[in-house]
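Asks: Quick one: structure below, then a few questions.
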Amino acid sequence: MKLIRRVTLGLREGNSDKVYVVDLCEVSKGKFVVNFQFGRRGAPLKDGTKTDAPVAEPIARSIFAKLVDEKTRKGYSETAEAAAAVPSTTPGQRAAPVRSNQPQTREEAVLARLRGDSGARRPWDLNRVAWRAGEMRLKAAVPVLLGKLGSGVARTDYCVAWALARCGDEGTLAALGSMKQRPGLTATDAVEQLATLWPKSVKADAVVRVLLEMFRAWSDELREAVARKALGELPAGLRYAAELGPAEAFTPVLQRSLAAGESANVLESLYRVDSEVVRPGLLVALASVPLLPGSFRAVRHIWKIAELRGDAEVFGLLAHRFERTPANFSARTRRTYIDGRSTDIAKELKKPDSRLAYGGATRTYLRRRTWNSIARLATLEDASGYVRMAVGVLLPFRDGDGGEPRSMTTYDYGASRNKTTHFDRFASFLAFNHILFGSSSRYELKGLTLTWRCKGRNKPGDPAPETREEAFPKLWDQVPVGLLHLLSESGCLPVHVFAAKALRANKEFCDDLDLDAIVMLLGRPYEVTARLGYELALTRYDASRPDFDLVAALASCPVPEARHTARAWIDANRTAFAGARDLLVSLVVSPHADTRAYARTLLAGLVLPSGVPESLIARAVAVLLGLADDPANEVRAQEGGETLLRGFPRQLRSLGLGVLRDLVHHPLAGVQSFAAEVLLAHETRPEDLPEDLLVTLAVESKHAAVRSLGVRLFGSLPDAALMQRVSLLLAFATSGLADQRGAIRPVLQRLAGYPSFGDAIVPPLLAALLTKETHEGVHSFVLALLKTDLAAALGAVNKEAVLRLLRSKHPAAQELGGILLGRNVDPNTLEVAEVARLASHEILSVREAAWKFYRENKPRLLADMSAAIKILDAKWDDSRQVAFAVFREFTEDDFTPDVLVAVVDSVRPDVQAFGRELVRRFFKGEHGHEYLLRLSEHPSADVQLFATNYLEEYASGSIERLRTLEPYFLGVLSRVNRGRVAKARVFAFLKAEAEKSPEAAQLVAGLMTRQSLTMAIGDKAASIESMVAVARRFGDTPLPITIKQPPLWTRRPKEAQGGV
Amino acid sequence: MEFEYRYHGSSAVDSSARSTHMSFAPDTKREPTYFRGELQQSLEFREAISALNAVVVSDLRYKPKDKTAYKAWLAQQEAVNWQQVAVARSRNAAQVKDLQGELERLVRTSNERMRPFYAARQSYFNYLYKKDLDAWFVLDPVITVHPDEVFFECFSQDESTYGRLGASYEVFKHIGEFACGTTNIDYSADLYNEFQKIRRYKTTMFQVDPSGFEVQTQAEDTFKELKIDLPDSWVRGFLQVSSAMTLPTVSFDLHPMDVHNLCFVLRRNKEKAGPRSLRYLLKPGHPVQVVFEPWNLKVTFPRSPYLGDKEHEIRVWGRRRLFILERLIQLSRKFTVHLLGTGLPSFYIADLGHMNFTLGLSGWTANDWSQAGNFDLMAPRAEVDEFTKRRVFEGLKKVWVADVDELSRSLDLERAAVLAALGIYTQAGRAIYDLNKQVYRVRELSREPLPTDKLRFANEREQLATALVDAKAVLRKPPEESPAGIRLRGKVKDGARSYEPELTIDRDQRLASATCTCNFYTQNKLYKGPCEHILALRIHHRRMQGNAS
């Protein structure tokens, strides 16, 4: 037996001080064993072996390496001391391998069990052993496992294939080939002939999935074969895109096809392909695929495969989704409602096309398994595996995922007091808290609960302890790159707090960090991280050879002291920094106001070498263009732009128009206004600037300030050019945006000096006043513009236009009309009727103009009296009062009966009264009949009463007149319960008239016959009286009454008894 | 329901000392309808169109008095009173009294000073009211030009009064070109005032102005666009009243002075308690008599005998609407009254020579839920197939005006079928029955056909109630008479359950109180109107009564 190799390992931990010796020995030619000795240092060591029977050299070497690796991971290290402690073994005195029934290590135990040698241990299920072997990536187990595959028991086959996927390597396929007597089994054949390799096993889909995964893990060749098979399963469109690439083209194709209803099963196939082309699209799809029946199964399969592959990215992404997505149904009930029908959950879930998926129990299992699966790696001391998976789980979390801290108060009957439990923001995320706070004194997870709570008297917001809180800190110390990965990519504060603390503790690693990493740390938006970077930067900075990137990062980091330090460093040696273009640019557009302000003063006092300003501007413009459309960037862009404008006014004058166009189209207002300011001072003359730039700034920009600048720029065009663009000016002046209107006003004021401009712009502005206001405030703006700025040009507005303005419904138009009426319209050109209409106008000045006309133009009024009296119908009391006063001064000859009656005809009581007054004053006997006839047709009771005055004189004795007045009599007498005086007069008049002629008597008899039906006793009596009189006078007139002589005994003689 | 109009300018009346020129602006969105002529019977037209205006602005709904100012004063006064009580008890009563006196003086001075302001503010409010007066009226009148007459129609704001002024062509001379059709006309309060200036000694031109259909060139708003959102109940009211005209009526003539007397009684008396009905007592060969409740004042119309062959006693409500006829008394020769029955619409037609004015009154002034389920005037009366329906309407459209017999002869259709088809179109607002000439006329109420199915019932409970009655799900117990009215009880089987509604109908035929065992009633009582079971019981009761009579 020849000792081929020996490794002596030692471990000193507290009081314990152990050694572990691993030997690789050649028993005979080609036959090797791996033995070990272990025990306390200095004490006799116990022996053991990893190989029950001698094995081939590669297997022996593999077992040897595995054992050493395992012990190293547990903390053993190879030291001289340890070596000295081991009693030297001479070839003659070699210790025989201790053959013991008790396996000494985990690997041994696993292998022993796999071989069926259970030893003294309690029974251990084969499936679990196989799984454990897989977790340990136990290469030595491969031959045994290969033998176990194909049992036909789905669970066993699944577990064995799972283990083989993790343990197998390139040689395994050959081993399989020889085992199955298929020498030369190629990768493609193996994948295609799954069914013949393990006929009993491939009946279960789950086993097929994991078998394919197993092949995929063994070698690149096999991976390609599996990918080819998976590609073949894809729908044609997707397959084409997946084969053709690139990734940017594939992602939308996948999204479209999923949106179009493609089954989520394609995601499984794609994950089997997992090429550079499909992976980005797959990740996007996995982040959004709904966890619902139909798609959840595929998600679950992919997650399990990710766990198998150790694909931390996919594993973490889906684990995060399980944490964030509520279950579709509760785990606590046995039944739930599907489509409104109560359904048994257990029965439904068993159906192949179950309408339920991702219930409460499933979700809880998946969340717990996330942690369990990576925690097992940790217990196996697989530092790289644990850290990789933990990073994958932590990275998807964002600050926004945390809810509000909450608390729960319960009454403790035993202690007779309330007990409050506090939960922090991220309390509901299981694995997240396990990883970050596994050994924390602040948080704990109690029993079978699923929410982390504050431990003891801790509360959310309490300061973190000095000690490290994460689970397995040693593993993190072994693989510190994981921490750096977290710091560079995580968007979650607790993760940064943890990673910064853990990294700071690893001083050795920190000292080895390169400057780029420190710059990265400084650039992170979290203060804890930036502070770590600051501390590291302080130790690294070399004032004699300043690193510009480091200073730039420091000047823009979230730690105020760091920024201050950076400024101090620059101030200490300004000339050295004069040429640092990128540094200066980063100062100018720094996210921090103090740094930006410093940049402004720095640039003012710094003499830059020639050429630097130009390249600095180019670089700064590039940075400005790169700013995202985010309100937080607004002030950066604005102040940065201002700094540039102040620092380099001369250089900016010749900035290229192409660059300016890009700046103008940038969404940020700050960038646009920078471009506008540059354009305002640009060497190109305004009229030579491309029009689209002006339009973009002045019209299309979303920002009022930029539009104002744009209009200013537009206004700086020479007057001749502006006058060519009246329609654009008009559009600005009637724009719905107040700022555009305000900005164009000075331009219009300037142009108002040209008479031709006024002539061109006034008519369309008047038209704008006459049509309905498109936006609030436009009319008042146009009015103000016309009244003040364009007053000179209003002289050309003619009478028709003024009257049109006055007739308009819009107050602004009326007001302008009122102003122009006095100025532009000669009263003598107005028709009297028009003036009368103006007296009803809402604008006082217009009415006043009308009054003035009435007071001063009596001859014209007299010429057209019928039109002049229309003023009496004005809606306004003041106009009517003026009219009364004017007409009262007129004389008798000025009024014809027509006019007087027309005044009385008014419907306004005051005008009627005035009319009656005039009629009384200017009454002429020769027109009496005419007055009576005309007034009698008036519908108002007052005028009817007034007309009765003329009855006696002008209607009496003429049967024709009586006939024409018949409707009047009817009108007066038919009034219901009204007009007593008029009725009495009419009755008396008719009674008298009836005496005069038989014709009149006939007419009166007809009227009275009709009226005698009334219930009003007075009227009835009067009509009967008239009829009796008629009957007495002209007996032959037909009447509906008979006259009876009163009985003799009646004391008070009653003349007649009406019978109807 | 939203109606849109677009007028070219406004309707205007230009009156001078010698002539009056009336020009109505029609809705330019409808097919061109125009007319031009000179009025001969101008006085009659003036009075009739004034009566029509009275219909447009008529609103007799109960409007509670605005007592907020009084309440505020009362609250203030209460505080003062309490203060006084406190003062009377305190030792410093005298001092407080002085202070109060001073305060009172100050308040008075302040009021004095503010008075002009209050007056100005009030006059400003008055001005605003007058300026926007037209906004207070609901729907512009509809004008229809037919080969034999021109007529205006309108419906009041309170959804209860219908007015129609028909003027046959004898009223006009020098008739110009005209195009038959129906259109809305722009109408305003100013227009009413101008109508008052119509005189016999002036020539009066009347025109529905077609210039609105000409192309607009000037960049100026001359079109007046209106969008009126009418409540469905308004449209339903209009259709109910106009479809009621097609039903058989009890009719008689009244002397103008009879209408005068009707108005006279109402003007002289003010009812403070119900019932507020007019009870027409009609005995064949006897003068018509009217009883005014609650005073039981009986008025006999000696020169107006009832010429029917059956005795009737018919009660109608909402009698104060008759004042609309007041202006027509002096010029009309007679009034023809058509009564449909107790609680149903009634019609008064004034004969003005070549003009006639029809006043249609719905059963009650108030169109509230207390009348719900009382009558279903929009129920389809007979079955007729779509094709025949179309044919009849097309036939009527060709001639615009037609007698039923004439139409059935020309179309070679059964009289009953024609009648049924026309009934359906009347209910849809596309035709009307002219009570005066006893003919059917085409009159499209709106540009787009109205959704009759939606308008038949005020709410879905009414619809359900009718369905319940039709399904014979209602079992009525014998009604009990009491001084408060009639008490009805019954059982309504609705689905698997049956409910027991109870209701009382008062002497004004209103639903005075009701209960039911259903969920709707339990939750809402009567705040949202009666439930379908109460309505079903009422409808069933009405049908049983109808059968009995």
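Residue numbers (numbering that gives the first Met the number 0), protein chains in the order written: chain A, 0 to 1059; chain B, 0 to 548. Every residue gets a Cβ at the ideal spot worked out from N, C-alpha and C, and that includes glycine. Keep in mind it's a predicted model, so treat the numbers as computed, not measured.
(1) If we define contact as Cβ-Cβ less than 7 angstroms, is residue 587 of chain B a contact residue for chain A?
(2) Compute the beta-carbon to beta-carbon distance between residue 358 of chain B and residue 313 of chain B, rounded to the nearest angstrom, for a pair I have assumed lies under 8 angstroms.
(3) Hey, does residue 12 of chain B have any beta-carbon neighbour from chain A nearer than 7 angstroms?
(4) I'd like to know whether the C-beta of residue 877 of chain A is nearer than 7 angstroms to at least one C-beta of chain B.
(5) Would you kindly work out how many angstroms separate the C-alpha atoms of residue 646 of chain A and residue 538 of chain A, rounded to a whole number?
(6) Cβ of residue 920 of chain A less than 7 angstroms from any chain B Cβ?
(7) Which residues mark the beginning and the end of the alpha helix (DSSP H) in which residue 810 of chain A is found?
(8) Assign residue 225 of chain B to one of three DSSP states: helix, strand, or coil.
(9) Quick check: the stretch 303-321 of chain B against the stretch 234-251 of chain B, are there 3 or more CB pairs under 8 angstroms?
(10) Whole beta strand (DSSP E) runs in the stretch 286-319 of chain B with 3 or more residues, listed along the chain?
(11) Quick check on residue 557 of chain A: does DSSP put it in helix, strand or coil?
(12) Taking the alpha carbon of residue 6 of chain B as the point to measure from, which residue in B/451, B/508, B/183 and B/529 has its own alpha carbon closest?
(13) Got a sec: is the Cβ-Cβ distance from residue 99 of chain B to anything in chain A below 7 angstroms?
(14) Could you check where the alpha helix (DSSP H) with residue 187 of chain A kicks off and where it finishes?
(15) Could you round the C-beta distance between residue 1006 of chain A and residue 989 of chain A to whole angstroms and report it? I think they count as a contact, below 8 angstroms.
(16) Taking a contact to mean a Cβ-Cβ separation below 7 angstroms, would you say residue 583 of chain A touches residue 556 of chain A in this structure?
(17) Of all the beta strand (DSSP E) runs that stay within the bounds of the stretch 338-395 of chain A, which reach a length of 3 or more residues?
(18) Pick helix, strand or coil for residue 584 of chain B, following the three-state DSSP scheme.
(19) Helix or strand or just coil, what does DSSP make of residue 489 of chain A?
(20) Whole alpha helix (DSSP H) runs in the stretch 122-152 of chain A with 4 or more residues, listed along the chain?
(21) My guess is that residue 241 of chain B and residue 123 of chain B are in contact by the Cβ rule of under 8 angstroms, so how many angstroms apart are they, rounded?
(22) In this structure, does DSSP put residue 890 of chain A in helix, strand or coil?
(23) Answer with yes or no whether the minimum CB distance from residue 844 of chain A to chain B is below 7 angstroms.
(24) What residue from A/480, A/587, A/353 and A/895 has the CA that sits closest to residue 603 of chain A's CA?
(25) Distance check for residue 416 of chain B and residue 384 of chain B, CA to CA, integer angstroms please.
(26) What does DSSP give as the partner residues of residue 20 of chain B in its beta bridges?
(27) Could you check which residue in A/206, A/234 and A/242 has the C-alpha nearest to that of residue 223 of chain A?
(28) Output needed in chain order: residues of the stretch 1006-1019 of chain A with a Cβ under 9 angstroms from some Cβ in chain D.
(29) Pick out whichever of B/334, B/265, B/284 and B/340 has its Cα sitting closest to the Cα of residue 247 of chain B.
(30) Assuming the contact rule is C-beta atoms closer than 8 angstroms, residue 22 of chain B and residue 206 of chain B should be a hit. Round their C-beta distance to whole Å, please.
(31) Is there a Cβ of chain B sitting closer than 7 angstroms to that of residue 623 of chain A, yes or no?
(32) With which residues is residue 174 of chain B paired in a DSSP beta bridge?
(33) Just by C-beta distance, which residues in the stretch 239-250 of chain B are closer than 8 angstroms to chain A?
(34) According to DSSP, simplified to helix, strand and coil, what is residue 417 of chain A?
(35) Are the C-beta atoms of residue 970 of chain A and some chain B residue less than 7 angstroms apart?
(36) With respect to the beta strand (DSSP E) encompassing residue 443 of chain B, which residues constitute its N-terminal and C-terminal limits?
Replies: Reading off the structure:
(1) Beyond the ends of chain B as shown, which are 0 and 548, falls residue 587 of chain B; an answer cannot be given.
(2) In the second sequence, counting from the first residue as 1, residue 358 of chain B sits at position 359. In the second sequence, counting from the first residue as 1, residue 313 of chain B sits at position 314. In fact, because the Cβ distance is near 17 angstroms, the residues do not count as touching under 8 angstroms.
(3) Indexing the second sequence from 1 puts residue 12 of chain B at position 13. No, its Cβ sits nowhere closer than 7 angstroms to a Cβ of chain A.
(4) On the first sequence, position 878 is the one that residue 877 of chain A refers to. No, no contact with chain B.
(5) To locate residue 646 of chain A, count along the first sequence from 1; it is residue 647. To locate residue 538 of chain A, count along the first sequence from 1; it is residue 539. Distance between the alpha carbons of residue 646 of chain A and residue 538 of chain A: 34 angstroms.
(6) The sequence position of residue 920 of chain A within the first sequence is 921, counting from 1. Output row for residue 920 of chain A: interface = no.
(7) As a position in the first sequence, residue 810 of chain A is number 811, starting the count at 1. For residue 810 of chain A, the uninterrupted alpha helix (DSSP H) run begins and ends at 810-823, by DSSP.
(8) As a position in the second sequence, residue 225 of chain B is number 226, starting the count at 1. Three-state result, residue 225 of chain B: strand.
(9) yes
(10) Here the runs fully enclosed are 286-291, 296-304 and 311-315.
(11) To locate residue 557 of chain A, count along the first sequence from 1; it is residue 558. Of the three classes helix, strand and coil, the one that applies to residue 557 of chain A here is coil, per DSSP.
(12) The sequence position of residue 6 of chain B within the second sequence is 7, counting from 1. The candidate whose alpha carbon is nearest that of residue 6 of chain B is B/183.
(13) Residue mapping note: residue 99 of chain B aligns to position 100 of the second sequence, counting from 1. Cβ-Cβ to chain A under 7 angstroms: no for residue 99 of chain B.
(14) For this step, residue 187 of chain A is matched to residue 188 along the first sequence. Here the alpha helix (DSSP H) through residue 187 of chain A covers 186-191.
(15) Locating residue 1006 of chain A in the first sequence gives position 1007, counting from the first residue. Locating residue 989 of chain A in the first sequence gives position 990, counting from the first residue. Contact flag correct, Cβ pair sits at about 7 angstroms.
(16) Residue mapping note: residue 583 of chain A aligns to position 584 of the first sequence, counting from 1. Residue mapping note: residue 556 of chain A aligns to position 557 of the first sequence, counting from 1. Not in contact: residue 583 of chain A and residue 556 of chain A (Cβ atoms no closer than 7 angstroms).
(17) 340-343
(18) Lying before the first or after the last residue shown, residue 584 of chain B is absent from chain B, which here runs from 0 to 548.
(19) By one-based count along the first sequence, residue 489 of chain A stands at place 490. Coil.
(20) Fully enclosed alpha helix (DSSP H) runs of 4 or longer: 125-135 and 141-147.
(21) In the second sequence, the residue the question calls residue 241 of chain B occupies position 242. In the second sequence, the residue the question calls residue 123 of chain B occupies position 124. Actually they do not touch by this definition, with Cβ atoms about 41 angstroms apart.
(22) Working through the first sequence from its first residue, we reach residue 890 of chain A at position 891. Residue state, collapsed to three classes: coil.
(23) Residue numbering aside, residue 844 of chain A sits at position 845 when the first sequence is read from its first letter. Residue 844 of chain A does not count as touching chain B.
(24) Residue numbering aside, residue 603 of chain A sits at position 604 when the first sequence is read from its first letter. Out of A/480, A/587, A/353 and A/895, A/587 has the C-alpha closest to the C-alpha of residue 603 of chain A.
(25) As a first step, residue 384 of chain B is located in the second sequence; it is residue number 385 there, counting from the start. As a first step, residue 416 of chain B is located in the second sequence; it is residue number 417 there, counting from the start. Rounded to the nearest angstrom, the two C-alpha atoms are 9 angstroms apart.
(26) The residue you call residue 20 of chain B lines up with position 21 of the second sequence. Answer by DSSP bridge pairing, in chain order: B/13 and B/204.
(27) Residue 223 of chain A sits at position 224 when you count from the first residue of the first sequence. Nearest option by C-alpha distance: A/242.
(28) The structure shown contains no chain D; its protein chains are A and B.
(29) Translated into the one-based positions of the second sequence, residue 247 of chain B becomes position 248. Closest by alpha carbon: B/340.
(30) Mapped onto the second sequence, residue 22 of chain B falls at position 23. Mapped onto the second sequence, residue 206 of chain B falls at position 207. Indeed, because the Cβ distance is near 5 angstroms, the residues count as touching under 8 angstroms.
(31) Residue mapping note: residue 623 of chain A aligns to position 624 of the first sequence, counting from 1. It does not: the Cβ of residue 623 of chain A has no partner Cβ on chain B nearer than 7 angstroms.
(32) The count along the second sequence starts at 1 and reaches residue 174 of chain B at position 175. Beta-bridge pairing links residue 174 of chain B to no other residue.
(33) none
(34) Against the first sequence, residue 417 of chain A aligns to sequence position 418. Strand at residue 417 of chain A.
(35) As a working mapping, residue 970 of chain A is identified with position 971 in the first sequence. For residue 970 of chain A, the answer is yes, since a Cβ of chain B falls inside 7 angstroms of its Cβ.
(36) Within the second sequence, the letter at position 444 stands for residue 443 of chain B. Element bounds for residue 443 of chain B: n/a, residue is neither H nor E.
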